[in-house]
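Asks:
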Amino acid sequence: MTEPNYQEFYNPKLVAIYNTVCPLDGYEKFYLEIAKKVSAKTIIDIGCGTGLLTCELAKQGYQMIGVEPSRLMLDVARKSSCGKKVKWIEGNALSLEEFNADLAIMTGHVAQFHLENEEWQNALKSIHKALHPDGYLAFESRNPVVQTWATNKKQNFTDWYSPNFRRKVVDPVKGQIEVWLEIIDIKDKKVTTDVHYLFTKTGEELLSRNTLIFRTREEITKSLKNADFSVENVYGNWDGSLANEESPEFIFVARRN
Numbered sequence: 027m028t029e030p031n032y033q034e035f036y037n038p039k040l041v042a043i044y045n046t047v048c049p050l051d052g053y054e055k056f057y058l059e060i061a062k063k064v065s066a067k068t069i070i071d072i073g074c075g076t077g078l079l080t081c082e083l084a085k086q087g088y089q090m091i092g093v094e095p096s097r098l099m100l101d102v103a104r105k106s107s108c109g110k111k112v113k114w115i116e117g118n119a120l121s122l123e124e125f126n127a128d129l130a131i132m133t134g135h136v137a138q139f140h141l142e143n144e145e146w147q148n149a150l151k152s153i154h155k156a157l158h159p160d161g162y163l164a165f166e167s168r169n170p171v172v173q174t175w176a177t178n179k180k181q182n183f184t185d186w187y188s189p190n191f192r193r194k195v196v197d198p199v200k201g202q203i204e205v206w207l208e209i210i211d212i213k214d215k216k217v218t219t220d221v222h223y224l225f226t227k228t229g230e231e232l233l234s235r236n237t238l239i240f241r242t243r244e245e246i247t248k249s250l251k252n253a254d255f256s257v258e259n260v261y262g263n264w265d266g267s268l269a270n271e272e273s274p275e276f277i278f279v280a281r282r283n
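Take the position in the sequence shown, starting the count at 1, then add 26; the result is the number in our numbering.
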């Protein structure tokens, strides 16, 4: 099987439409509330992408540090309205310094891109060092129990993981784009998908192969404990409700010990 290439982060044509395909949706208010609740002043946005949420937080007066491994994504972020207000770093969680920050966030399910447990544990340890004592870490990971593949066979998928479900968006430059996902492989809690992007106007279709890992709530809790974090709350959705077995998300808020 072909290795994941995450082309939406590295192909210039896909980076150009990223904000159209992946706008702020649902989670923006949640993280703004978290920042307010923990009285943050300095916030690290790990895997900040094109900086949509980073900029929203900067507009609220927070001192922002945006960290992103894709130079193309960072170029878009730097050219945004808040580009000069944010400290941008090309890299990942392991690129963090001892910033003495109040809060670190990982949105867009960035936590699930850390496919190996050692990699994930090292990322948490690096984040720990970047926070001041009693600083906070907040991130989300999808609940594996409620995903379709937990109960259905691959060929029976009829939800958004299926070519039968096509999302249509309209980009101001490229026009209508159809986006759909296709499950390629499921193994060891890792799910590999092909994300299809069809540019209706030209007929061009681009493909991105992605792999995400779906850790259980217990596994994530243990990993945070091993990195010297204490879990304060686990929410189940962006409305602030606490997580249960049927929640679509596990949204962790943990404090550095």
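Every residue, glycine too, gets a C-beta built ideally from N, C-alpha and C.
Source: prediction; values computed, not measured.
Using the beta-carbon count (16 or more within 10 Å), is R243 buried or exposed?
Replies: buried
Asks: Given a cut-off of 7 Å, decide if I246 and C261 are closer than it, judged by their beta-carbon atoms.
Replies: Before going on, a small fix: residue 261 reads as Tyr here, not Cys. No, Cβ-Cβ distance for Y261 and I246 is not below 7 Å.
Asks: My output table needs one value for A103: the three-state DSSP class, helix, strand or coil.
Replies: helix
Asks: Within 8 Å, do at least three Cβ pairs link the stretch 88–105 to the stretch 137–152?
Replies: no
Asks: Given this structure, state the Cα-to-Cα distance separating S234 from V221, to the nearest angstrom.
Replies: 5 Å
Asks: Alpha carbons only, please: which of V217, I203, Q202 is nearest the one belonging to I209?
Replies: V217
Asks: As a quick exercise: from A164, I212, Q202, pick the residue whose alpha carbon is nearest that of A137.
Replies: A164
Asks: Assign V279 to buried or exposed, taking buried as 16 or more other Cβ atoms, counted over all protein chains shown, within 10 Å of its Cβ.
Replies: Around the Cβ of V279, a 10 Å sphere holds 16 or more other Cβ atoms; the residue is buried.
Asks: State buried or exposed for E34, treating a residue as buried only when at least 16 other CB atoms are found within 10 Å of its CB.
Replies: buried
Asks: CB-CB under 7 Å to Y32, same chain, minus the five flanking residues each way: which ones, in chain order?
Replies: S234, N236
Asks: Is D128 near G77, with beta carbons less than 7 Å apart?
Replies: no
Asks: Determine the DSSP secondary structure at Y32, reduced to helix, strand or coil.
Replies: Of the three classes helix, strand and coil, the one that applies to Y32 here is coil, per DSSP.
Asks: Quick one: residues in its chain with C-beta nearer than 7 Å to the C-beta of A253, no 5 flanking neighbours on either side, listed in chain order?
Replies: Q147, L150, K151, H154
Asks: Check each candidate in R168, C48, E124 and name the one with the smallest Cα separation from H135.
Replies: It is R168.
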